[in-house]
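FYI, in our numbering the residues of the sequence shown are 381 to 705. Glycine is no exception: its CB is placed at the ideal position from the N, C-alpha and C atoms. What follows is one structure encoded as structure tokens, with my remarks underneath.
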Amino acid sequence: MGILFYVLILFALFLFFSGIFTVKQQTALMIERFGKFHSVRTAGLQFKVPFLDRTAGRINLKIQQLDVVVETKTKDNVFVRLKVSVQFKVLEDSVYDAFYKLQNPTEQITAYVFDTVRAEVPKMRLDDVFERKDDVALAIRRELEEAMNDYGYGIVKALVTDIDPDQAVKNAMNHINAAERQKLAAEYEAESERIRIVARAKAEAESKRLQGQGIADQRREIARGLEESVDLLNKVGINSQEASALILVTQHYDTLQQIGQHSNSNLILLPNAPTAAADMLTQMITSFVSTQELAEKMKIKNPPQQKVKTLDAPKEEIYLEKEQQ
Numbered sequence: 381m382g383i384l385f386y387v388l389i390l391f392a393l394f395l396f397f398s399g400i401f402t403v404k405q406q407t408a409l410m411i412e413r414f415g416k417f418h419s420v421r422t423a424g425l426q427f428k429v430p431f432l433d434r435t436a437g438r439i440n441l442k443i444q445q446l447d448v449v450v451e452t453k454t455k456d457n458v459f460v461r462l463k464v465s466v467q468f469k470v471l472e473d474s475v476y477d478a479f480y481k482l483q484n485p486t487e488q489i490t491a492y493v494f495d496t497v498r499a500e501v502p503k504m505r506l507d508d509v510f511e512r513k514d515d516v517a518l519a520i521r522r523e524l525e526e527a528m529n530d531y532g533y534g535i536v537k538a539l540v541t542d543i544d545p546d547q548a549v550k551n552a553m554n555h556i557n558a559a560e561r562q563k564l565a566a567e568y569e570a571e572s573e574r575i576r577i578v579a580r581a582k583a584e585a586e587s588k589r590l591q592g593q594g595i596a597d598q599r600r601e602i603a604r605g606l607e608e609s610v611d612l613l614n615k616v617g618i619n620s621q622e623a624s625a626l627i628l629v630t631q632h633y634d635t636l637q638q639i640g641q642h643s644n645s646n647l648i649l650l651p652n653a654p655t656a657a658a659d660m661l662t663q664m665i666t667s668f669v670s671t672q673e674l675a676e677k678m679k680i681k682n683p684p685q686q687k688v689k690t691l692d693a694p695k696e697e698i699y700l701e702k703e704q705q
């Protein structure tokens with residue numbers, strides 16, 4: 381009798397402890413009694429009746445991700461592959477629907493993604509697919525939410541993570557992009573060259589202007605110096621012609637002296653005969669004399685005109701020529 385009692389106690393303890401179980405965090409456990417749904421057990425220490433209750437299955441309550449690759453055609457007849465990432469989870473208040481209503485949720489989501497992508501992308505050109513991929517993702521999420529909420533699944537987010545056209549199309553797009561960049565580089569280079577040419581021309585013009593101003597100042601100073609030299613020579617009894625000739629001869633010999641100071645000079649002064657200064661002086665004197673005689677003849681041939689007005693014709697002007705005495 382005593383042994384049977386202990387056996388019963390051990391058996392009862394065995395049954396009790398066999399009905400105790402734990403459920404992990406973010407997990408739901410489905411309990412059935414005699415093959416019928418009984419309850420949902422969530423995280424923590426739980427108990428079920430041995431031999432009567434059984435575990436039908438577990439539901440993951442974490443956010444899950446499903447990657448779907450869809451190949452379709454755009455409006456401009458370009459085949460493109462889109463990779464869509466769908467993030468979904470089981471709604472806590474719809475665990476029963478998620479477990480019993482839907483056999484394979486991933487296949488269901490994949491089917492809706494294929495249907496939505498192949499309905500939206502053919503309306504767009506290839507460039508629009510890249511620019512409006514967020515619109516495609518919103519359409520996928522909207523379609524999935526309408527369909528999957530009835531089965532106890534909530535759509536957290538839908539993302540178009542990759543757009544992969546055919547390799548030939550990508551090569552053509554890269555070639556177009558490279559050509560556009562080369563064109564832009566050529567335009568910038570031409571503009572830069574134009575700026576350099578304009579700047580060079582402005583600098584050259586400014587250089588010429590300053591050079592001309594310097595030459596003008598130099599000649600002005602030379603003329604002032606010659607004027608002072610002629611005035612100085614006039615004070616000692618030398619007339620203007622003789623003074624000019626003397627200055628010319630002096631500059632001639634100064635030039636010869638400067639040339640002689642540079643042994644490596646390739647400059648040749650023509651004429652360079654010893655009598656060059658005397659010939660130059662004679663030519664200058666002859667030129668001065670000829671110029672003066674020509675001026676005297678012109679004065680005699682064309683005497684100066686005198687302008688007078690008569691009393692009889694106050695509004696008319698009569699020009700009278702008066703011969704030079």
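Identify which residue in the options has its Cα closest to the Cα of residue i.
i      : options                        : result
ASP433 : MET410, LYS481, ASN529         : MET410
LYS537 : GLU525, ILE543, THR407         : GLU525
PHE427 : PHE417, LEU395, ASN440         : LEU395
PRO502 : PRO545, ARG576, LYS453         : LYS453
ALA549 : ARG461, LEU539, THR490, VAL497 : Correcting the residue type first, residue 549 is Val in the shown sequence and not Ala. Considering only alpha carbons, the answer is ARG461.
MET504 : VAL516, GLU573, ALA517, LYS455 : LYS455
PHE459 : ALA581, ARG561, LEU390, ARG498 : ARG498
Below 6 Å CB to CB, which residues in the same chain sit around residue i once its five sequence neighbours on both sides are set aside?
i      : result
ARG679 : Checking the sequence shown, residue 679 turns out to be Lys, not Arg. The answer is none, since no qualifying residue turns up.
GLY534 : LYS469, LEU471
GLN467 : ILE443, GLN445, VAL536, LYS537
ALA519 : THR496, GLU500
ARG521 : ILE535, ALA538
Going by DSSP in three states, residue i sits in which element: helix, strand or coil?
i      : result
PHE391 : helix
PHE414 : coil
ILE489 : helix
GLY594 : helix
GLN406 : coil
PHE427 : strand
ASN557 : helix
ASP376 : Residue coverage of the chain in this structure runs from 381 to 705, which leaves residue 376 outside it and unanswerable.
LYS537 : strand
My guess is that residue i and residue j are in contact by the Cβ rule of under 8 Å, so how many angstroms apart are they, rounded?
i      : j      : result
THR541 : SER419 : With a Cβ gap of about 39 Å, THR541 and SER419 do not count as contacting.
TYR492 : GLU523 : 6 Å
LYS442 : GLN406 : 5 Å
PHE510 : ILE543 : 6 Å
Within the same chain, show all residues whose beta-carbon is closer than 8 Å to that of residue i, passing over the 5 residues directly before and after it, in chain order.
i      : result
GLY424 : THR402, VAL403
GLN488 : LEU482, ALA527, MET528, TYR531
Given a threshold of 16 other Cβ atoms within 10 Å of its Cβ, counted over all protein chains shown, does residue i qualify as buried or as exposed?
i      : result
LEU506 : buried
GLU586 : exposed
PHE414 : exposed
LYS416 : exposed
THR486 : exposed
Is residue i near the ligand NAD - that is, is its Cβ less than 7 Å away from at least one heavy atom of it?
i      : result
ASP515 : With respect to small molecules bound, the structure shown includes none, and the ligand NAD cannot be examined in it.
Among the residues of its own chain, which have a CB less than 7 Å from the CB of residue i, if the five just before and after it don't count?
i      : result
GLY437 : MET410, PHE479
ILE389 : none
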